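Each residue of the sequence shown is one higher than the one before, starting from 1 at the first, in our numbering.
Ideal Cβ positions, reconstructed from N, Cα and C, are used throughout, including at glycine.
Nothing here was measured: the structure is a model prediction, and the numbers come from that model.
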Amino acid sequence: MTRMYRKTNETEITIGLEMTCEKDTALNLNSGVPFFNHMLHAMLFFTKLSADIECIGDLDVGTHHSLEDIGILMGEAIKGIYSEMRGFNRYACALMPMDDALVRVVLDISGRPYFVLEGLDQNSLSELQQSLIEFLHACCVNARMTVHIDVIRGFNRHHIFEALFKAFGKALGEALTEKQSIMSTKGVIG
Ligand SMILES: [Mn+2]
1 MTRMYRKTNE
11 TEITIGLEMT
21 CEKDTALNLN
31 SGVPFFNHML
41 HAMLFFTKLS
51 ADIECIGDLD
61 VGTHHSLEDI
71 GILMGEAIKG
81 IYSEMRGFNR
91 YACALMPMDD
101 ALVRVVLDIS
111 GRPYFVLEGL
121 DQNSLSELQQ
131 SLIEFLHACC
141 VNARMTVHID
151 VIRGFNRHHI
161 FEALFKAFGK
171 ALGEALTEKQ
181 SIMSTKGVIG
């Protein structure tokens, strides 16, 4: 299991991540934020990653520090996983519906960080919803992936975010699936 630890004046976090492939995932998710645990569960189940996540954060000032820092560490752990693989699919796309919501995630484990999110009015999000976006941004940038997320439709925010995290997890799992060759015309990722 790839393990990461980070302690600042705002958060203390440990993250363990391991690809499970065809086996069932084992998840211990203690972010300190129940709805975020629900989103992590939705994501990691579809990524086929087992995870052990513990965070003690300054939740008295909001969810931002905890979720962003978990994103940083999870991104580093994802980078640690693919850096040890000879080859992997690299590109993946997932379309995920949940009742009224439909979300598309297109992902490239390119070694270059880039994050785009469209279709969500970010000025009207709650503090927690903004922190969920910060998690995704921090995770993608620190994993050095290119990720394009489009919320195609939806009005129920619970459905939109759950479809988004499932789509992200599904695309990430497919992109991380092992291949014997390096999927790059220049012969190296990055
Ligand atoms: Mn739900």
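Asked	Found
Here's a check: name, in chain order, each residue in its chain whose Cβ is nearer than 7 Å to the Cβ of T177, leaving out the five neighbours to either side.	F88, N89
Is it buried or exposed for C21, if we count other Cβ within 10 angstroms and need 16 for buried?	exposed
Compute the Euclidean distance between the alpha carbons of Q180 and D69, then round it to the nearest angstrom.	33 Å
How long is the line joining the alpha carbons of I56 and V103, rounded to whole angstroms?	31 Å
As a quick check of your reading: which residues have a C-beta less than 6 Å from at least one non-hydrogen atom of ligand 1, in chain order?	H38, H158, E162
Excluding sequence positions up to five away, which residues of its chain have a Cβ less than 6 Å from the Cβ of G16?	M1, R3, D52
Assign V33 to one of two classes, buried (16 or more other C-beta atoms within 10 Å of its C-beta) or exposed (fewer than that).	buried
So if DSSP puts D150 in a beta bridge, which residue, or which two residues, is it bridged to?	R104, E118
Spatial neighbours of G119 within its chain, please: C-beta separation below 7 Å, excluding the five flanking residues on both sides.	D150, V151, I152
Return yes when the C-beta of C140 is under 7 Å from any heavy atom of ligand 3, and no when it is not.	Among the ligands present in this structure, namely ligand 1, ligand 3 is not found.
E12: which of D24, A26, K23, S31 sits nearest, CA to CA?	S31
Drop a sphere of 10 angstroms on the beta-carbon of E76, count the other beta-carbons inside from all chains shown, and report buried for 16 or more, exposed for fewer.	buried
Over the uninterrupted alpha helix (DSSP H) stretch that includes T47, give me the two end residues.	34 to 47
If you reduce the DSSP assignment to three classes, tell me which class G57 lands in.	strand
Mind checking which residues open and close the alpha helix (DSSP H) that includes A133?	Reading off the sequence shown, one finds Ile at residue 133, where the question assumed Ala. It spans 127 to 142 - the alpha helix (DSSP H) in which I133 sits, taken as one unbroken run.
Look up N123 in the DSSP assignment and say whether it is helix, strand or coil.	helix
Classify I109 as helix, strand or coil using the three-state DSSP reduction.	coil
Measure the C-alpha to C-alpha separation of L125 and R157 and round it to an integer number of angstroms.	9 Å
Since G29 sits in a beta bridge, which residues does DSSP pair it with?	One point to set straight first is that residue 29 is Leu, not Gly, in the sequence displayed. I53, per the DSSP bridge assignment.
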